[in-house]
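First the structure, in the form of structure tokens, and then the observations on it.
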Amino acid sequence: MAEERHHTEHIPQWKKDEIENIKELIQSHKVFGMVRIEGILATKIQKIRRDLKDVAVLKVSRNTLTERALNQLGESIPEMTRYLDNQTALIFTNESPFKLYKLLEQTKTPSPIKAGAIAPEDIIVQKGPTSFPPGPILGELQSAGIPASIDAGKVAVKETKVVCKAGEAVPQKLATMLSKLEIYPLIVGLDLRAAYDDGTIYEPELLAVDESKYFSDIIRAAQNAFNLSVNTAYPTGATIGTLLAKAYAESKSLGVNAVILEPGVMDSLLAKAHVQMTSVASEAAEKDANAVDDDL
Amino acid sequence: MEYIYAALLLHNAGKAITEEAITAVLQAAGIEVNEARAKALVAALEGVDIEEAIAKAAFAAPAAAAAPAA
Amino acid sequence: MEYIYAALLLHNAGKAITEEAITAVLQAAGIEVNEARAKALVAALEGVDIEEAIAKAAFAAPAAAAAPAA
Amino acid sequence: MEYIYAALLLHNAGKAITEEAITAVLQAAGIEVNEARAKALVAALEGVDIEEAIAKAAFAAPAAAAAPAA
Amino acid sequence: MEYIYAALLLHNAGKAITEEAITAVLQAAGIEVNEARAKALVAALEGVDIEEAIAKAAFAAPAAAAAPAA
Amino acid sequence: MEYIYAALLLHNAGKAITEEAITAVLQAAGIEVNEARAKALVAALEGVDIEEAIAKAAFAAPAAAAAPAA
Amino acid sequence: MEYIYAALLLHNAGKAITEEAITAVLQAAGIEVNEARAKALVAALEGVDIEEAIAKAAFAAPAAAAAPAA
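Residue numbers (my numbering), protein chains in the order written: chain A, 143 to 438; chain B, 15 to 84; chain C, 15 to 84; chain D, 15 to 84; chain E, 15 to 84; chain F, 15 to 84; chain G, 15 to 84.
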């Protein structure tokens, strides 16, 4: 303790204030996270900060100060220092880490890829017209590996093609052409590297919630409930109509199939007989038109 | 279905669908008649518009044609 | 159509569809029988699989039932 | 349909479908029972596999028509 | 399903669907009645238009068959 | 459907579906429990293979029967 | 699926689906609650139209039955 106090005495007041400020933000919010901001323009960060201002506080600070602040806090908060990256911001919220992750994902926008950058996924150029009139661009596209030709007075991409495979670096020429074609292969925004909530550290793999899976789970759960209710004839507001319809349909089926001469099924029985007659008549008529009445 | 066929036969011929008529037709076909069913048939047809029921069947005909094609 | 119903009746009863049988059924219904028609029908039905023709039609009947709900 | 409902009620409860049982059920519902209808019902169900008859669509014709589109 | 059939039977007969009526019908069929189930059914039927629910039955079948074709 | 959901929740967790358990779950959700409905549910589920009842599509019987025609 | 059932239970009862409510329902069922799963569920459901999913389920049920027959 004495040594630490001794150590802190050497740092200027603004740094002390900054560390205190970080600690205070962590303590006054339920959740805080580490966000990677490397390569993101300051203007974009400003915009995200504004967009999130009602739900989260974004703080860009020096890693050394952040590290110091975290190390001065209890529980397993110091473990969060593992997620400090080259350029890391802190984010604070009272929402759940899952909500925080979702909010940050929503700030992401497609961006052009720079020459030499690694393609995160296959970069595909779709077949179709471009906005360019014929000119030198045709040759530039072709030399960048994009199959282009002239179609209806415009430069057009001849076929859909993977121009750069995932994991490969994007060549200079291709990067330029992709930009011109307004193809933005990168999704850029704040990357949540980890979130701390009440003693638990959540990593992105856990935080990336697949809403479509929940949607299909709900469909399945609702279906299960519906089936169980109907199949056990346990009536609920949602299934009583189906139960009545089922009972009626079964009764009607029985009536028609067993030829129960009851008023409720006569229409079906008469219709069935008529159709059978028509079917037999049409086959008979195929053999000999005189075998049946003219009106058949 | 024989009771229904008999009823439609009579209807088609413009005859009244009575228990006796049904019985006569079925017997002529060599079918042993169940009195209760003949009675029930006549009762069930009371108030039924046979033409209408048949007309609805006409709609179904194309369906019948489509089915075997499947 | 009465002729066909008569044939279906006989078929249902497991009887042979002959000119005489058809005539008997129709007459029981009070219908005057056209001999040529009865002959032609019997001849035409000789090559028809009635069970199959009926089965094809079976699926169509439901439409009639569904229709009133419309 | 009340006679059919009564029959299915009995069937569902694992009871035999007899004229007496049908009569008892209908009367309990305050329905005046027509003997011929009850008898006809029992006659119609003789030898019928009720489970099968229930499951077999009696009025799903449009389904047959829709099916070929599959 | 016997409780449902009892309800439809009563509805068909133009009777009110009460716990007592359901109980009477089921007992007449020789079924031991579970009071809670009768109560629950009556509660579930409150405000339900039975005619409308039944009308849907005709539609339901074709829709189900058509669905996989989609 | 709350009662059904409560039952499925218990079933999924491998717990017995008793009136008490259903009541506890519903109350925890802030739902006022109707005793008859809880009792009726337990009675309806008695002897039922829930997995099977869940898997079996409700009220598609006619459709299923029609389908083979496709 | 317990978490989903708990959510549907709450939704059905018109209650808000919060971490606390889910936890209370699951605990009442004797289920040990995983905090992260409860949190994930609540966050996920914010973006899910539960009514829409339920409506889909109603349609899908019959289809499911028809499918195996196809």
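Idealized CB from N, CA, C, for every residue including glycine. Small disclaimer: the values here were computed from a predicted structure and weren't measured.
Are the CB atoms of residue i and residue j nearer to each other than 7 angstroms?
i	j	result
L22 of chain B	I31 of chain B	no
A19 of chain E	Y19 of chain D	For the record, residue 19 of chain E in the displayed sequence is Tyr; it is not Ala. For Y19 of chain E and Y19 of chain D, yes; Cβs fall inside 7 angstroms.
S410 of chain A	A67 of chain C	no
V299 of chain A	V267 of chain A	yes
Y356 of chain A	V62 of chain G	yes
A42 of chain D	A27 of chain E	no
I190 of chain A	K250 of chain A	no
A311 of chain A	I260 of chain A	yes
L283 of chain A	M319 of chain A	yes
M15 of chain B	A431 of chain A	no
S238 of chain A	Y326 of chain A	no
I64 of chain E	L386 of chain A	yes
M222 of chain A	Y344 of chain A	no
L412 of chain A	L55 of chain B	no
L334 of chain A	V177 of chain A	yes
L332 of chain A	L246 of chain A	yes
V417 of chain A	A426 of chain A	no
I179 of chain A	Q229 of chain A	yes
P276 of chain A	I292 of chain A	yes
E301 of chain A	K322 of chain A	no
N205 of chain A	L183 of chain A	no
Starting from residue i, trace the alpha helix (DSSP H) in both directions and tell me its first and last residue.
i	result
D409 of chain A	P405 to K429
L22 of chain G	E16 to N26
A198 of chain A	Premise fails: A198 of chain A lies in the beta strand (DSSP E), A198 to V202, not in any alpha helix (DSSP H).
A38 of chain E	E33 to A42
L59 of chain C	E49 to E60
E282 of chain A	P278 to S285
D63 of chain B	Per DSSP, D63 of chain B belongs to no alpha helix (DSSP H) and is neither H nor E.
R210 of chain A	N205 to N213
T223 of chain A	Where T223 of chain A is concerned, there is no enclosing alpha helix (DSSP H), given that its DSSP letter is neither H nor E.
S358 of chain A	E353 to N373
P346 of chain A	P346 to L349
A184 of chain A	A184 to D193
Y376 of chain A	Element bounds for Y376 of chain A: n/a, residue is neither H nor E.
In the DSSP assignment, find the unbroken beta strand (DSSP E) run with residue i in it and report its ends.
i	result
S253 of chain A	T251 to S253
K158 of chain A	Looking at the DSSP string, K158 of chain A is not in any beta strand (DSSP E); the run it does join, the alpha helix (DSSP H), is Q155 to S170.
S291 of chain A	A290 to D293
What does DSSP give as the partner residues of residue i in its beta bridges?
i	result
G270 of chain A	A:V299
R178 of chain A	A:T230 and A:D333
V173 of chain A	A:T235 and A:D339
A311 of chain A	A:I260
L328 of chain A	A:S253
I265 of chain A	A:C306
Would you say the beta carbon of residue i comes nearer than 6 angstroms to a heavy atom of the ligand SAH?
i	result
T378 of chain A	Among the components modelled here there is no ligand, and therefore nothing to report on the ligand SAH.
Below 8 angstroms on the Cβ atoms is my guess for residue i versus residue j; work out the distance and round it to an integer in Å.
i	j	result
A72 of chain F	N373 of chain A	6 angstroms
K315 of chain A	S285 of chain A	6 angstroms
L207 of chain A	E160 of chain A	5 angstroms
G175 of chain A	A336 of chain A	6 angstroms
A257 of chain A	P313 of chain A	7 angstroms
N399 of chain A	K70 of chain D	5 angstroms
K394 of chain A	V407 of chain A	6 angstroms
Quick one: is residue i near chain I, going by C-beta distance under 7 angstroms?
i	result
K70 of chain G	This model lacks chain I altogether, as its protein chains are A, B, C, D, E, F and G.
Quick check: the stretch 45-55 of chain F against the stretch 340-357 of chain A, are at least 3 beta-carbon pairs closer than 8 angstroms? no
So, does the stretch 32-47 of chain B touch the stretch 367-382 of chain A, judging by three or more C-beta pairs under 8 angstroms? no
Counting Cβ pairs, one atom from each stretch, are 3 or more of them under 8 angstroms apart for the stretch 293-307 of chain A and the stretch 214-233 of chain A? no
Looking at C-beta atoms only, is the number of pairs between the stretch 217-236 of chain A and the stretch 160-178 of chain A that lie closer than 8 angstroms three or more? yes
Contact the stretch 264-280 of chain A vs the stretch 199-213 of chain A: 3+ CB pairs below 8 angstroms: no
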